[in-house]
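Student: Each residue of the sequence shown is one higher than the last, beginning at 400 in our numbering. Glycine residues also receive a C-beta, built at the ideal position from the N, C-alpha and C atoms.
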Amino acid sequence: MRAALSLAVAVQPCAAGLRPPAWLSSAASKVLSRPPKPAPPLEPEPPQLTWIVYALLATLLAVAAAVLIERYRRRKSGAAASSAKLAPPATHQRKEDSAKAACQASPSGSTLLRAWSPPEPREEYHVASTFHRAEPAKGLTHLSRKDSDPLICTGGTEAEGCSEDSRTDSSEKSVNGGFDAVQLEQLAGQLGSAHPALAEKALTWVSTLARGISPHIDATEFSEGTLTIRLRYPLSGEIATRSRVPVSFELDTTIRVAAEVDHTKAAVLVLQGIGIAPIEGASEVYNRLLPVWQGCETTEAKAEKAWEWWLRHKGEFEDTKLWRLVESLAGLRTASLIPKRGFMDILMGCICVTRSRATTLRYSFFADTTTTQVKCTTSHHPAISNPASEVYDPDAEWKSSTARDIATRNVTDSVNRELAEKFAKSGINFSLLFSDVEEKGIKGASPDVVAKLFQQSLAVGGATHLDRMVGAMKWQRDDPTFKATGDHGRVLWREATK
400 MRAALSLAVA VQPCAAGLRP PAWLSSAASK VLSRPPKPAP PLEPEPPQLT WIVYALLATL
460 LAVAAAVLIE RYRRRKSGAA ASSAKLAPPA THQRKEDSAK AACQASPSGS TLLRAWSPPE
520 PREEYHVAST FHRAEPAKGL THLSRKDSDP LICTGGTEAE GCSEDSRTDS SEKSVNGGFD
580 AVQLEQLAGQ LGSAHPALAE KALTWVSTLA RGISPHIDAT EFSEGTLTIR LRYPLSGEIA
640 TRSRVPVSFE LDTTIRVAAE VDHTKAAVLV LQGIGIAPIE GASEVYNRLL PVWQGCETTE
700 AKAEKAWEWW LRHKGEFEDT KLWRLVESLA GLRTASLIPK RGFMDILMGC ICVTRSRATT
760 LRYSFFADTT TTQVKCTTSH HPAISNPASE VYDPDAEWKS STARDIATRN VTDSVNRELA
820 EKFAKSGINF SLLFSDVEEK GIKGASPDVV AKLFQQSLAV GGATHLDRMV GAMKWQRDDP
880 TFKATGDHGR VLWREATK
């Protein structure tokens with residue numbers, strides 16, 4: 400305004416050759432004498448919402464990482480502080496010293512087992528009130544390669560002498576929940592003529608199972624070539640939901656394990672007291688489907704009807720293991736990549752499980768390779784053929800045949816197997832465990848994956864807020880098996896309830 404008025408005062412009169420009026424000069428002087436108004440401050444641009452979200456997420460991740468690091472440090476320091484308390488009794492130390500001396504005199508071809516320290520106590524282990532406090536197992540044995548561990552020797556003629564010396568010491572029962580390493584060493588002596596790699600896999604499974612159930616063991620003994628484990632009460636094993644294995648495990652109060660070697664030098668474990676049962680909700684859904692299946696002449700038609708029925712009624716089973724297992728697959732963000740047949744198979748596979756008993760685990764090499772594999776044989780539980788039993792199952796044969804066909808189709812079809820290896824590695828290996836696939840040129844179940852299925856998980860709990868942020872579903876915060884993944888075991892052993 401001042402610039403425009405100055406120009407009007409100075410230029411226009413001069414251009415016309417006239418003198419401006421006095422009133423105009425006075426007005427112009429007043430305007431020109433006013434102090435200039437300060438310019439309004441510039442308003443800051445609103446921040447980008449996206450960057451705020453990123454910054455908040457980065458802060459949360461940093462806090463979570465710091466919490467995890469602190470917990471890890473506390474566990475390590477706690478384990479170091481309690482190491483003196485976990486020292487084995489003098490009697491066990493004398494046995495280990497004598498075994499070590501015997502092994503040092505044995506040839507290099509003998510199989511070496513090493514003493515197993517008890518699992519480190521983890522605070523997650525006591526989250527659920529139904530869990531019993533884990534007492535340190537005494538003298539457990541595994542196959543780690545730590546030079547500081549005492550050696551126990553098995554395999555070969557010299558090793559048999561070592562076993563004979565130990566047999567006298569372990570003739571009495573091991574009580575108070577103990578599991579004597581010498582007893583496992585005696586069982587290993589039964590596998591002396593098996594290939595060392597196969598014997599190792601078999602013994603790893605036995606020691607993994609024994610370590611997980613050690614808090615519930617009342618007594619153990621080795622007699623007449625059989626390892627006997629007596630529990631205080633029957634146990635049930637809930638397998639991690641995300642493993643997508645459609646069964647639960649059952650352990651009787653008496654478990655027996657014997658070891659044999661067949662003509663191919665495969666290691667064979669003969670089992671008693673280990674059962675397989677349907678998961679919670681499976682039997683009820685099967686019975687509800689019987690009238691729905693009226694008129695269906697093929698298994699394919701029944702599977703189609705079952706899935707349609709499930710989509711309408713699944714809300715009635717939200718508190719069951721069956722719902723969680725199916726939803727763990729159907730609720731994935733990538734579920735659209737899974738064909739409908741995959742959902743039908745997982746539902747039918749769950750509801751067609753019958754109560755069975757594991758009879759043998761056979762460890763062998765696949766074809767002419769050095770890749771190890773394991774196969775399990777089973778028999779029907781005697782109670783399912785008794786009409787007076789609560790678990791009577793008149794359709795057991797049809798269920799078994801249907802479940803076997805589903806497993807065989809999925810492990811022999813390359814596309815199905817690729818999907819299963821991605822979404823359910825434990826589940827596909829569980830199917831391979833019971834499938835006759837070797838004659839079809841397909842490798843059997845991985846011994847390491849199978850052992851992990853029987854390994855007690857020390858990480859117990861549902862999904863955290865951080866898990867939810869990276870993809871966990873809302874209901875998984877209440878799933879106690881959510882943490883059973885990665886390096887952790889896949890089963891939670893609890894006292895069985897009727």
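#1: If I follow the unbroken beta strand (DSSP E) through TYR632, where does it start and stop?
#2: Which class does PRO614 belong to by DSSP, given the choice of helix, strand or coil?
#3: My guess is that GLY636 and LEU891 are in contact by the Cβ rule of under 8 Å, so how many angstroms apart are they, rounded?
#4: Whose C-beta lies closer than 7 Å to the C-beta of TRP692 among residues of the same chain, with five residues either side of it excluded?
#5: Between THR884, ASP877 and GLU649, which has its C-alpha nearest GLU894's C-alpha?
#6: According to DSSP, is LYS774 part of a helix, a strand, or is it coil?
#7: Identify every run of the beta strand (DSSP E) within the segment 825–860, keeping only runs that are complete inside it and at least 3 residues long; order them along the chain.
#8: Assign PHE742 to one of three DSSP states: helix, strand, or coil.
#9: Per DSSP, VAL669 forms a beta bridge with which residues?
#10: Which word fits GLY694, buried or exposed, when buried means at least 16 other C-beta atoms lie within 10 angstroms of its C-beta?
#11: Across the segment 662–670 and the segment 729–745, are there enough close Cβ pairs to call them in contact, namely three or more that are closer than 8 Å?
#12: Please list the terminal residues of the continuous alpha helix (DSSP H) segment that includes LEU583.
#13: Please name the residue, chosen from THR770, ALA862, LEU634 and GLY714, that lies closest to GLU837 on a Cα-to-Cα basis.
#14: Secondary structure at TRP722, three-state DSSP: helix, strand or coil?
#15: In the DSSP assignment, the alpha helix (DSSP H) including ARG816 goes from what residue to what residue?
#16: Mapping DSSP to helix, strand and coil, what is ALA676?
#17: What residues match up with GLU649 in a beta bridge as DSSP calls it?
#18: Note down the Cα distance separating PRO841 from ASN828, rounded to an integer number of angstroms.
#19: Below 6 Å CB to CB, which residues in the same chain sit around MET743 once its five sequence neighbours on both sides are set aside?
#20: Identify every residue that forms a DSSP beta bridge with VAL691.
#21: I'd like to know whether the C-beta atoms of ALA858 and ALA871 end up nearer to each other than 7 Å.
#22: If you check the beta carbons only, do ILE678 and SER727 fall under 7 Å apart?
#23: Decide if LEU512 is buried, meaning its Cβ has at least 16 other Cβ atoms within 10 Å, or exposed.
#24: Could you spell out where the alpha helix (DSSP H) holding TRP706 opens and where it closes?
#25: Which residues in the same chain as TRP722 place their Cβ atom closer than 8 Å to its Cβ, once the five residues preceding and following it in sequence are excluded?
#26: What is the rounded straight-line gap between the Cα of ASN686 and the Cα of VAL848?
#27: Could you pull out every residue in the same chain whose Cβ sits closer than 6 Å to the Cβ of SER497, ignoring the five residues on either side in sequence?
#28: Would the segment 804–824 and the segment 865–880 be scored as touching if the rule is three or more Cβ pairs under 8 Å?
#29: Go to LEU736, then tell me how far its beta strand (DSSP E) extends in each direction, as first and last residue.
#30: Take GLU820 and list the residues in its own chain whose beta-carbon comes closer than 7 Å to its own, dropping the five residues that flank it on each side.
Tutor: Quick look at the numbers:
#1: No beta strand (DSSP E) holds TYR632; DSSP gives it neither H nor E.
#2: helix
#3: 7 Å
#4: LYS701 and LYS704
#5: GLU649
#6: strand
#7: none
#8: Secondary structure of PHE742 (DSSP, three-state): helix.
#9: ALA657 and THR759
#10: exposed
#11: Output reads no: the segment 729–745 does not touch the segment 662–670.
#12: 580–588
#13: The residue with the shortest Cα to Cα distance from GLU837 is THR770.
#14: Here TRP722 sits in helix by DSSP.
#15: 813–822
#16: strand
#17: SER635 and GLY674
#18: The amino acid occupying residue 841 in the given sequence is Ile; Pro does not appear at that position. Using only the alpha carbons, I get a separation of about 12 Å.
#19: For MET743, where only same-chain residues beyond five positions count, the Cβ hits under 6 Å are ALA702 and TRP706.
#20: None; VAL691 has no bridge partner.
#21: no
#22: no
#23: Reliability fails at LEU512, whose pLDDT of 39 lies under 50, so the model's placement of it is uncertain and the value that follows must be treated cautiously. Classification for LEU512: buried.
#24: Residues 698–712.
#25: GLY680, LYS713 and PHE716
#26: 33 Å
#27: Confidence at SER497 is low in this model, with a pLDDT of 44, below 50, so its placement is unreliable and the value that follows should be read with caution. Once the five neighbours on either side are set aside, SER497 has no close Cβ partner at all.
#28: no
#29: Taken as a continuous stretch (DSSP letters only), LEU736 belongs to no beta strand (DSSP E), as it is neither H nor E.
#30: ILE827
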